[in-house]
Amino acid sequence: MNNKRIIVPLDFPEASQAIALGKQLSPELCHLKVGKELFTAAGSALVEELQNAGYQIFLDLKYHDIPNTVAKACQSAARLGVWMVNVHASGGEAMMTAAREAIDQCDHQPLLIAVTVLTSMSQDDLTQIGINRPLEDQVMHLATLTKQSGLDGVVCSAREAQILNQQFGSDFCLVTPGIRPATANTDDQKRVMTPGEAIKAGSHYLVIGRPITQASDPIAALESIHAEINSCL
Ligand code: C5P
């Protein structure tokens with residue numbers, strides 16, 4: 004685990020905006036996340052350009068398909084050289100194990116992370132898709148399956164970090180969005196934690212978007228969040 008704890012999501016429709024932000028930020032201070040919107044628009048060429056600029060990339064494509072397809076997609080991500088890649092834990096143990104084995108065969112091995120329950124989902128949404136246990140139990144169930152399948156960690160809410168840390172140990176990587184510095188606008192995030200609180204709760208990596216990407220001075224915003232994190236370590 005390195006000292007760069009912040010992952011900045013490049014939630015943009017076009018490569019030019021992502022590249023511009025990459026130039027304003029520094030690979031010494033953060034990782035970058037490329038998700039479905041940007042990757043669909045700009046593809047692997049953009050990922051390579053950002054990597055050539057020194058960034059480590061979290062390729063947030065949340066693979067969920069038959070085991071063979073997910074395994075091959077993970078190998079493509081590994082060949083692309085990304086630092087972190089993710090799958091949906093609800094794809095099941097066979098899918099996650101296939102992803103693990105596929106990455107283990109690669110020269111470059113990205114961190115392999117699973118999404119448990121999307122935080123946009125409510126208890127009612129789970130019931131609609133036939134899952135009747137409490138949402139928190141479903142998160143824990145899928146995190147356990149993730150660990151058993153040999154993955155490196157999960158994306159979760161910082162509010163779940165403490166219990167996941169106790170359950171699975173500090174080597175199990177926790178990637179947490181929904182983070183806001185105490186002074187920042189919460190935007191559409193409903194249950195936020197500050198960077199310091201999230202680190203104390205056991206988060207390894209904090210996904211922090213708009214407080215940095217929409218700041219008039221993104222690098223100053225990033226540095227100030229770093230100062231807060233370092234004071235907690
Ligand atoms: O701007 P903000 O910090 O809210 O951005 C958070 C990023 O993390 C976005 O890319 C969002 O899609 C992602 N995310 C999230 N909540 C989750 C999972 C991912 O906000 N539960």
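Sequence positions in the sequence shown follow my numbering and run 4 to 236.
We put the beta carbon where it would ideally sit given N, CA and C, even for glycine.
Quick caveat: nothing in here was measured; it's all calculated off a predicted structure.
What did DSSP end up calling His229 once you bin it into helix, strand or coil? helix
What does the alpha-carbon distance come out to for the pair Val120 and Ser93? 8 Å
Nearest residue (CA-CA) to Asp155, options Val88, Arg194, Glu200: Val88
Can you name the residues that DSSP bridges to Asp63? Gly38
For Ala187, which residues from the same chain have a beta carbon less than 7 Å from its beta carbon, with the 5 sequence-adjacent residues on both sides left out? Pro214
CB of His91 within 9 Å of CB of Ala117, strictly: yes
Extent of the continuous alpha helix (DSSP H) to which Val178 belongs: Per DSSP, Val178 belongs to no alpha helix (DSSP H); it is in the beta strand (DSSP E), 176-179.
Taking just the CA atoms, how far does Gln169 sit from Ser79? 33 Å
Starting from Ile22 and walking both ways along the alpha helix (DSSP H), at which residues does that stretch end? 18-27
Label Ile9 either buried or exposed according to how many other C-beta atoms from any shown protein chain fall within 10 Å of its C-beta, with 16 as the threshold for buried. buried
State the CB to CB distance for the pair Leu53 and Gly95, rounded to an integer number of angstroms; the pair is presumed to be in contact (CB under 8 Å). Rounded, the Cβ-Cβ distance is 32 Å, inconsistent with contact.
Whole beta strand (DSSP E) elements within the segment 68-102, 3-residue minimum: 87-91
Evaluate Arg82 with the Cβ neighbour count: other Cβ atoms within 10 Å of its Cβ, from every protein chain shown; 16 or more gives buried, anything less gives exposed. exposed
Proximity of Pro180 and Ile228 at Cβ, strictly below 9 Å: no
Count Cβ pairs between the segment 32-45 and the segment 11-18 that sit closer than 8 Å; are there 3 or more? yes
Residues that DSSP places opposite Val50 in a beta bridge: Bridge partners of Val50: none, in fact.
Taking the alpha-carbon of Ala204 as reference, which of Ala218, Gln217, Cys176, Lys193 has the nearest alpha-carbon? Cys176
Are there 16 or more other CB atoms within 10 angstroms of the CB of Arg194, so buried, or fewer, so exposed? exposed
Given a threshold of 16 other Cβ atoms within 10 Å of its Cβ, counted over all protein chains shown, does Arg183 qualify as buried or as exposed? buried
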